[in-house]
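Residue numbers (full-length UniProt numbering): 7 to 254.
We put the CB at the ideal spot given by N, CA and C, even for glycine.
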Ligand code: NAD
Ligand code: ZN
């Protein structure tokens with residue numbers, strides 16, 4: 007562990023423009039289970055595909071039930087040492103952008119300014135109409151479900167309202183994808199932290215960074231799909247690895 011920490015510190019301090027790319031693994035030490043580890047979310051339930059959300063009232067209600075449950079989990083979670091260390095690196099200007107697959111909002115809550123966070127899969131704190139984009143808070147959505155015993159519809163156009171999270175099969179957010187592509191082109195160090203790197207297109211960014219000449223570092227407990235492409239693979243607890251990097 008101490009060797010990995012030393013190497014990480016060295017790589018970060020010699021970088022001039024680093025990108026941090028995170029997955030569910032960075033938040034497990036904050037009490038939010040990841041997807042693919044034993045006990046992870048997938049071992050307990052099937053994902054809801056976007057087409058099913060569109061087609062089935064039952065799928066919509068199930069999606070909402072899970073959002074409400076996660077809202078509690080996310081609200082109770084506190085950013086951990088790794089979130090804080092990354093916020094410090096952003097603050098000091100070493101890390102230009104934090105690209106995340108997470109929807110828990112913990113990077114922002116650890117102090118990374120919103121404009122430095124690129125949320126590829128959305129954020130599980132609010133909802134919007136799929137047709138006109140009109141926003142709806144979770145509390146209002148919950149009250150509507152209670153009152154009408156059906157998934158909430160938009161008060162403006164009647165369209166389906168959905169949490170602002172990207173489900174499997176749903177199109178990626180265009181702005182975020184473009185921002186991420188730009189950031190990846192310009193970086194000299196790319197840190198992929200806590201992701202199994204199997205969900206595309208997000209998992210394409212580490213290889214894109216490498217193709218643009220960046221040093222690729224993977225920090226993860228288990229092997230990932232892209233370990234072979236990385237310049238360095240650091241195995242272990244993400245919290246422990248980043249603890250000494252805490253700046254504030
Ligand atoms: P994943 O579950 O596929 O992979 C997580 C990886 O993190 C695993 O390889 C695991 O070995 C590693 N890991 C877990 N805890 C660790 C720790 N403490 N230290 C070191 N390594 C650790 O997650 P993914 O690659 O992000 O892909 C899953 C998808 O799930 C994403 O699209 C994301 O949107 C979604 N998701 C998000 C959250 C969240 O917002 N916190 C939680 C679960 C799933
Ligand atoms: Zn609408």
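Per the DSSP calculation, residue i is bridged to which residue(s)?
i	result
residue 25	103 and 196
residue 238	223
residue 132	143
residue 109	In DSSP, residue 109 forms no bridge with anything.
residue 124	105
Confirm, please, whether the CB-CB distance from residue j to residue i is below 9 Å.
i	j	result
residue 101	residue 122	yes
residue 245	residue 35	yes
residue 79	residue 38	yes
residue 4	residue 126	The question about residue 4 has no answer, for the chain in this structure spans 7 to 254.
residue 158	residue 145	no
residue 142	residue 160	yes
residue 153	residue 63	no
residue 138	residue 162	yes
With a cut-off of 8 Å on the beta carbons, I'd call residue i and residue j a contact; round off their distance for me.
i	j	result
residue 171	residue 128	4 Å
residue 197	residue 24	6 Å
residue 33	residue 83	7 Å
residue 10	residue 247	6 Å
residue 239	residue 233	5 Å
residue 28	residue 199	5 Å
residue 202	residue 42	5 Å
residue 191	residue 218	5 Å
Flag residue i as yes if its beta-carbon sits less than 9 Å from any beta-carbon of chain D, otherwise no.
i	result
residue 248	Protein chain content of the structure displayed is limited to a single chain, and chain D is not contained in it.
Task: Within the stretch 142-213, ranges of the alpha helix (DSSP H) (whole runs, at least 4 residues) - done: Complete alpha helix (DSSP H) runs here, min 4: 144-154 and 180-192.
- [ ] Quick one: which unbroken beta strand (DSSP E) runs of 3-plus residues sit fully inside the stretch 35-101? Chain order, please.
- [x] Correct list: empty.
Task: Any heavy atom of the ligand ZN within less than 6 Å of residue CB: hits in chain order - done: Ordered along the chain, the selected set is 135, 137, 138, 140, 160, 162, 163 and 165.
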